[in-house]
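Counting from 0, one number per residue, gives the positions in the sequence shown under numbering that gives the first Met the number 0.
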Amino acid sequence: MLFSKIFSAGAVMAATAMAALSPAQIADSLKTVTTQSQKLQGPAQSITIVNAPLIVIGQGPFPPIISGFTEIVTTATAAISQFDGTAKITNQADADLVFDAFRGFVRVHQELLNILIGKAGLLTQVPFIGPPVAAVLRSVEGVVDSIAIFLIDTVEVYTTEIESEANSLGSTLDLTITKYQGISV
0 MLFSKIFSAG AVMAATAMAA LSPAQIADSL KTVTTQSQKL QGPAQSITIV
50 NAPLIVIGQG PFPPIISGFT EIVTTATAAI SQFDGTAKIT NQADADLVFD
100 AFRGFVRVHQ ELLNILIGKA GLLTQVPFIG PPVAAVLRSV EGVVDSIAIF
150 LIDTVEVYTT EIESEANSLG STLDLTITKY QGISV
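In structure tokens:
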């Protein structure tokens, strides 16, 4: 009986240890999300007053943008699910690797959000576009917050810098959500 308790506890600890991510895996996850965000810049740039209403029939630039943001949330959520048990990053080279990946994600994602902010002004006459875009951006905001909190706790040598990058991205996300929430009936 005692053996089964020890075995069960060992299995739980092993599962937790297997779920933990290395600094390289964290950086790779961030780079994957960065690439996903970068791929949405083209469709976002293509938004016009003519093609935006095509969302109603599942065409135009918005369905791929919304789908792309959903993929970002899915990818980030998969990474977040493996954060538990990840050791603090104390090696400077590993900390640099993770911070650089996060900073790259923030910059690329802000570029995308700024494109969407710029296009929002064109869409004030197309009120049904705002709610689905704002909804998916709120989901993105949730995973970005989770990632930032994890990184602040894990990469202690860059706490201030990660907080600054996260706050900057958070402000841009908030503005984008506000712009698209305002495009409604």
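Quick reminder that beta carbons are idealized off the backbone N, C-alpha and C, glycines included.
- Between L20 and T73, the CB-CB gap reaches or exceeds 8 Å.
- If the five residues before and after Q35 are omitted, its C-beta is found closer than 7 Å to the C-beta atoms of G67, E70, I71, T74, all from its own chain and listed in chain order.
- The DSSP-derived three-state label of G120 is helix.
- For L172, the enclosing alpha helix (DSSP H) covers residues 158 to 180.
- The beta carbon of V135 is closer than 7 Å to those of I65, F68, T69 in its chain, skipping five residues each way along the sequence.
- The beta carbon of E160 lies closer than 7 Å to those of F98 in the same chain, with the five residues before and after it left out.
- Considering only Q124, K38, P22, L96, the residue with the shortest C-alpha distance to H108 is K38.
- Check the Cα spacing between T123 and each of L29, V156, V139, P52: the tightest is with P52.
- In this structure, the beta-carbon distance from P42 to P63 falls below 8 Å.
- Between A147 and I176 the beta-carbon gap is near 17 Å, outside 8 Å, which marks them as no contact.
- Note on I56: under 16 other CB atoms within 10 angstroms of its CB, so exposed under the neighbour-count rule.
- DSSP, reduced to helix, strand and coil, places K30 within a helical segment of the structure shown.
- Pairing A78 with S28 gives a Cβ-Cβ distance under 8 Å.
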